[in-house]
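Colleague:
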Amino acid sequence: FDNCFIPWERVFLAGEWQHGGVLALLFALFHRHSYSGCKPAIGDITLGTAALAAEVNNIHKTSHVREKLAEIILVTELGYAAGYTASDLGKPEVYMPGVGFVPYGPGSYIPHSIYCNVGRCLTGEAVFREAEILCDISGGVVATFPHEKDFVNPETGPQLLRYTKRNPDIPVEDQAQFWRYLGDILCSATGGIVSVGNYHGGGSPIMEQIAITTQYDIESRKKLVRYIAGMSGGDRDALANALPWTSRKKN
């Protein structure tokens, strides 16, 4: 910046280096909070895709499909609940490593860090499991489905229309369109990039795990268990001030 002119309206920090670390923390925090909002929407699409794959394959009434759909719903709604709770428990304060939660900023609410990280980690770790569910329900047809030009070929088209039809209640043209769509999700370069982005976007799961375990009051839980087990150093009220909803009511 020695020979660079920066207009003052574009200067946000002028020597206030102490805010640099907080800026990085807040960037990650708000990203993970927004992830807990957008990933459930992706979960809705994943659920619809899995359910439709089962229907096209004419296996939608089987118990193993129902279990897999429930698994997607569980992760989707828990992620949404974590993001919602992070908003509800938000305060104008930020977690400072080695210090704890301290008031920060001009009064803007900052989402609760634990629930931001929980929601992001829970849904992020499920990305490839959800892809596995799609792959399991669909079968290999997504990778081996014939090219569109083979369907319009008078020599191969009639046979393909006959043998690629899985569910007699769904037009074969719709079935073909669906398998091409799902093939783009599971078998294309773009689909792979999106999966990696969904897994690592906002911070890889290990980063959320670090944030959770460094910010979570584990010691209070240990004191409570010491009390339950009849050990020395126990405290039955150890969590009285540790739970976010308790401290929120007091404020």
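If you read the sequence shown in our numbering, its first letter stands for residue -12, the second for the next number, and so on.
No residue lacks a Cβ here, since even glycine has one placed at the ideal position from N, Cα and C.
As the structure is a prediction and not an experimental result, all values here were calculated from the model.
1) Just to confirm the assignment, what range does the beta strand (DSSP E) spanning Phe88 have?
2) Relative to the C-alpha of Ala57, which candidate in Gln202, Asp31, Tyr214, Asn45 has its C-alpha closest?
3) Where does the unbroken alpha helix (DSSP H) through Met194 begin, and where does it stop?
4) Thinking just about the alpha-carbon of each residue, which of Ile97, Gly66, Leu61 is nearest to the one in Val81?
5) Under DSSP, the beta strand (DSSP E) around Tyr268 begins and ends at which residues?
6) Express the C-alpha separation of Phe138 and Leu148 in angstroms, rounding to a whole number.
7) Using the C-alpha atoms, what's the distance from Ala130 back to Asp75?
8) Smallest Cα separation from Thr201: which of Phe88, Trp4, Pro155?
9) So for Lys236, helix, strand or coil by DSSP?
10) Could you compute how far the alpha carbon of Lys236 sits from the alpha carbon of Ala227?
11) Assign Ala225 to buried or exposed, taking buried as 16 or more other Cβ atoms, counted over all protein chains shown, within 10 Å of its Cβ.
12) For Thr72, which residues of its own chain have a beta-carbon under 6 Å away from its beta-carbon, when the five flanking residues on both sides are left out?
13) Contact check, Gln162 vs Thr151 under 8 Å by CB: the rounded distance?
14) Residues in its own chain within less than 6 Å of Lys26 by CB, not counting five upstream and five downstream?
15) Give the secondary structure of Ile97 by DSSP, where H, G and I count as helix, E and B as strand, and everything else as coil.
16) Buried or exposed: where does Asn104 fall if 16 or more other Cβ atoms within 10 Å of its Cβ makes it buried?
17) For Gly178, collect the residues of the same chain with a Cβ closer than 7 Å to its Cβ; drop the 5 residues on either side in sequence, then sort them by chain order.
18) Where do the ends of the alpha helix (DSSP H) carrying Lys26 lie?
19) Please classify Tyr168 as buried or exposed, where buried requires at least 16 neighbouring CB atoms within 10 angstroms.
20) Going by CA-CA distance only, name the one from Asn154, Gly217, Tyr186 that's closest to Lys48.
21) Residues in the same chain with beta-carbon distance under 8 Å from Arg213, minus the five sequence neighbours each way, listed in chain order, please.
Modeller: Reading it off the structure:
1) 87 to 90
2) Asp31
3) 192 to 202
4) Ile97
5) Here the chain has residues from -12 to 238 only, and residue 268 is not among them.
6) 7 Å
7) 44 Å
8) Phe88
9) Low local confidence applies: a pLDDT of 46 at Lys236 is under 50, so the model's placement there is unreliable, with the coordinate-based value given in what follows. In the structure shown, Lys236 sits in a helix (DSSP, three-state: H, G or I).
10) Because Lys236 carries a pLDDT of 46, less than 50, the predicted location of this residue cannot be relied on, and the following value inherits that uncertainty. If I take the Cα positions, the gap works out to 11 Å.
11) buried
12) Tyr102
13) 7 Å
14) Gly66, Thr110
15) strand
16) buried
17) Asp171, Ile172
18) 5 to 43
19) exposed
20) Asn154
21) Ser219, Gly220, Gly221, Asp222
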